[in-house]
Amino acid sequence: MAVIAGVDLAWQGNRNPTAIAVGNVADGAIAVTGVFENLHGFDAVASALDSIDSLHGVAIDGPLIIRNQSGQRPCERGVAVAYGARKASCHACNLTLFPASNGVLLGDHLHAAGFGHVAAPGQKWQLECYPHPALIEIFQLPERLFYKKGQVADKRQGQARLARLLLSLAQSERMTLIIGPLFLPYLDPQRIQSLRGAGLKHNEDVLDAIVCLYIAALYQAGNSERVFGCTEQGYIYVPQGAC
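Those letters in the sequence shown? Residues 19 to 261, per the numbering used here, in order.
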């Protein structure tokens, strides 16, 4: 068994919140064991991760390595080539736009604690992931799942669809997702339909963190993958194949 985490990271500043999902992965299953939500700023995120006993690996939706002064990182261009036609391209990350990214700070913090980037089996690891192409692969979707933008009703509908897809992974023969009663409210379509404003945004963050946790479980289990870019200029890990 390995303790792993998925982080939906707010890249810049302290205004937007971060969510973290924690779980135990073993024997082809990942069980959600904890959720941190509404974390603001690098210190809060780092402290939450540091508090997780025996943490072995972390998948983070956020840029962990930024070296380019302008434009896109090579990994972002690679994802655009592979998934752009399915509406899953990346935002551009560079030192001009993000001179003090929380992602880079977190990557450095984890590296100092012994978490290598896409590390060898048996070692503690961290990796940058991107939920949109990962969801396309995991569920074999024709295009990106829309649940972040638009009117409130559109966001609710998108979150409810994502929740149903995540719940379907309870039947996955590749990596079973186990969500106990304590965490099921985040995936309850009726509750999602009642949310608005900050409550709806916080729920989206937790769903994204669970997606990142599932990506982490696939990596930990050694499932097929594609890594865009490199650990020098920045990289993005995308699991391959249906779940």
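A virtual CB, placed ideally from N, CA and C, is assigned to each residue, including glycine.
Query: Near Glu155, which residues of its chain fall below 7 Å by C-beta distance, leaving aside the five closest residues on each side in sequence?; Result: Val256, Pro257, Gln258, Gly259
Query: Can you check DSSP and say which residues form a bridge with Ala20?; Result: Val43
Query: Between the alpha carbons of Leu67 and Phe133, how many angstroms are there, rounded?; Result: 12 Å
Query: Considering only DSSP beta bridges, list what Thr36 is partnered with.; Result: Leu57
Query: Going straight from the alpha carbon of Pro35 to that of Val63, what length do you get?; Result: 10 Å
Query: Look up Cys147 in the DSSP assignment and say whether it is helix, strand or coil.; Result: strand
Query: Looking at Gln144 and His150, is the spacing between their C-beta atoms short of 8 Å?; Result: no
Query: Under a three-way DSSP split, which group does Val170 fall into?; Result: helix
Query: Identify the continuous beta strand (DSSP E) that holds Tyr253 and give its terminal residues.; Result: 252-257
Query: I'd like to check one pair, Ala23 with Ile70: are the Cβ atoms closer than 8 Å?; Result: yes
Query: Threshold first: 4 residues or longer. Then list the alpha helix (DSSP H) segments lying entirely within the region 176-212, N to C.; Result: 207-212
Query: With DSSP as the reference, label Leu123 as helix, strand or coil.; Result: helix
Query: Give me the Cβ distance between Leu27 and Asp79, rounded to the nearest whole Å; I'm assuming they're in contact under 8 Å.; Result: 6 Å
Query: Can you have a look at Asp226 and say buried or exposed, based on whether 16 or more other CB atoms are within 10 angstroms of its CB?; Result: buried
Query: In the DSSP assignment, find the unbroken beta strand (DSSP E) run with Cys248 in it and report its ends.; Result: 243-248
Query: Name the residue from Leu57, Thr194, Leu213 whose alpha carbon lies nearest to the alpha carbon of Tyr232.; Result: Thr194
Query: Within the same chain, show all residues whose beta-carbon is closer than 8 Å to that of Val97, passing over the 5 residues directly before and after it, in chain order.; Result: Ala106, Ser107, Cys108, Tyr148, Pro151, Phe246, Ile254, Val256
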